[in-house]
Amino acid sequence: MLPTHHPDPELLMDYAAGACSEPASLFIATHLALCPHCRDEMEKMEWLGGTLLDSPTEVAVNPDSLTQVMAKLDQSVPDNGTGRERISGAGEAGPQAQIPRPLSDYVGRSFNDIQWRQLIPGFSEHRLDKLEGVRASLLRIRPGKNMPLHSHDGSELVMVLSGGYHDKFGSFKRGDVAVADAEVEHQPIADLGEDCICLSITDAPLRLTGPIGRLINPFVRF
Ligand SMILES: [Zn+2]
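For the sequence shown, the positions run 1333 to 1554 when my numbering is used.
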């Protein structure tokens, strides 16, 4: 099953431009490893970025450049392999319990080897201490359990890595991305059958307003 909840295009664009912070880069690289749709988008953006750099004058004097840019985004992209080396592990397949390659540099290759710290019965955490400036964790919820009500001081990016959960916003499976902030009240419930394991990145307490796309900016501008 392919992801249906994707990161905001703005965040993908920043990643393509190399403008993401380490936590945001890790998050996007992990999503790309699981999501063919966003890998295609990324290739278009990188190809487009290269095209613009190759002809800055022409673009600058053309009043229709924005229209052309948008049109190019919809065109198919020649498969020249650009950008693939940076996204290590992109496209790998395997059992659900396999940790995507970008993330394995931080937490190892198997969920079974992770040292979990139980917060409350049915809910455990493993902190990614290498990442500074944010609270980055793997969260594990036992099948059928409610995630505890938690307040978000800032904003939180969550991606399912194994199993799944559902809440009033929908059903989230492996690779699916959710964004939450202090205004979002929900109580995710892990699907039955297997543990739900998520990657969670929470920024420092920041007041954020505006459309949901802006919620992720603090991750980028750190
Ligand atoms: Zn995606």
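Idealized CB from N, CA, C, for every residue including glycine.
Item: Would you say Asp1340 lies against chain B (beta-carbon separation less than 7 Å)?; Value: The structure shown contains no chain B; it holds only a single protein chain.
Item: Are Asp1535 and His1518 close, meaning C-beta to C-beta below 7 Å?; Value: no
Item: Using 8 Å as the threshold, is the segment 1486-1493 in touch with the segment 1444-1451, meaning 3 or more CB pairs across them?; Value: no
Item: Just to confirm before moving on: does the CB-CB distance between Pro1520 and Tyr1497 stay below 7 Å?; Value: yes
Item: Between the beta-carbon of Ala1349 and the beta-carbon of Met1374, is there less than 7 Å?; Value: no
Item: By Cβ distance, which residues of its chain are closer than 7 Å to Met1377, with the 5 residues on each side in sequence left out?; Value: Leu1344, Met1345 and Ala1348
Item: For Arg1459, which residues in the same chain have their Cβ closer than 6 Å to its Cβ, ignoring the five residues on either side in sequence?; Value: Ser1469
Item: Which residues in the same chain have their Cβ closer than 6 Å to the Cβ of Arg1467, if we skip the five residues on either side of it in sequence?; Value: Thr1534
Item: Rank Asp1461, Pro1453, Lys1477 and Leu1435 by C-alpha distance to the C-alpha of Gly1507 and give the top, closest one.; Value: Leu1435
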